[in-house]
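Numbering (the numbering used here), first residue to last: 44 to 233. Yeah, the Cβ is synthetic: ideal placement off N, Cα and C, and Gly gets one too. Source: prediction; values computed, not measured.
Spelled out as structure tokens, the structure:
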């Protein structure tokens, strides 16, 4: 049986329904625009799908509001000129370089280089083979401890590539307050 897509409205909210070969029903809200999508098996009736959505309508409204606010916050950020962007990158690079110099002897690792980039989904990354660290330019708008947390986090990846028990033990050893700062960064979002 072929996939079938149609719309239905529940409590004033338009919902895209996709019926396809699957076992369970799933509800998803797209972060980008707050649109609601329900995937359902072919044999599930429209009445059952409507019931499924109605039973989750408060959750749907709440998450649509959260994503709407996050998207509005992103849009409000001023667009920087090329010169402002370069200055911002240079300032963050200098702060990060100071932190790397502070932590290299403590952690007994060597960072080969630092790049500042505009990233959509992460605060930083580390190439464990080359020991090169990438940091998100958005960190320049965060507290200094947030930048330090990300720098230490990425440097810990030089010691342990995975986010396993050993990695988090390194984080606890070098940056004992990491859980609080990580939670704060997560709440602020990218």
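Determine, using beta carbons only, whether residue i and residue j come nearer to each other than 8 Å.
| i | j | result |
| --- | --- | --- |
| residue 179 | residue 153 | no |
| residue 107 | residue 72 | yes |
| residue 171 | residue 206 | no |
| residue 65 | residue 82 | yes |
Rounded to a whole number of angstroms, what is the C-alpha to C-alpha distance between residue i and residue j?
| i | j | result |
| --- | --- | --- |
| residue 63 | residue 228 | 38 Å |
| residue 141 | residue 134 | 11 Å |
| residue 247 | residue 123 | The structure shown does not extend to residue 247, since the chain spans only 44 to 233, so no value can be given for it. |
| residue 132 | residue 163 | 16 Å |
| residue 109 | residue 90 | 28 Å |
| residue 94 | residue 47 | 19 Å |
| residue 129 | residue 156 | 18 Å |
Kindly identify the DSSP beta-bridge partner or partners of residue i.
| i | result |
| --- | --- |
| residue 201 | Paired residue(s): none; residue 201 is not in a bridge. |
| residue 47 | 62 |
| residue 81 | 60 and 70 |
| residue 100 | DSSP lists no partner for residue 100. |
Return helix, strand or coil for residue i, following the three-state DSSP convention.
| i | result |
| --- | --- |
| residue 107 | helix |
| residue 148 | helix |
| residue 114 | helix |
| residue 196 | helix |
| residue 90 | helix |
If contacts are defined as beta-carbon pairs under 8 Å, then residue i and residue j qualify, I think. What distance do you get, rounded to the angstrom?
| i | j | result |
| --- | --- | --- |
| residue 126 | residue 190 | About 22 Å; that fails the 8 Å criterion. |
| residue 61 | residue 92 | Between residue 92 and residue 61 the Cβ distance is about 10 Å, and since that is not below 8 Å, they are no contact. |
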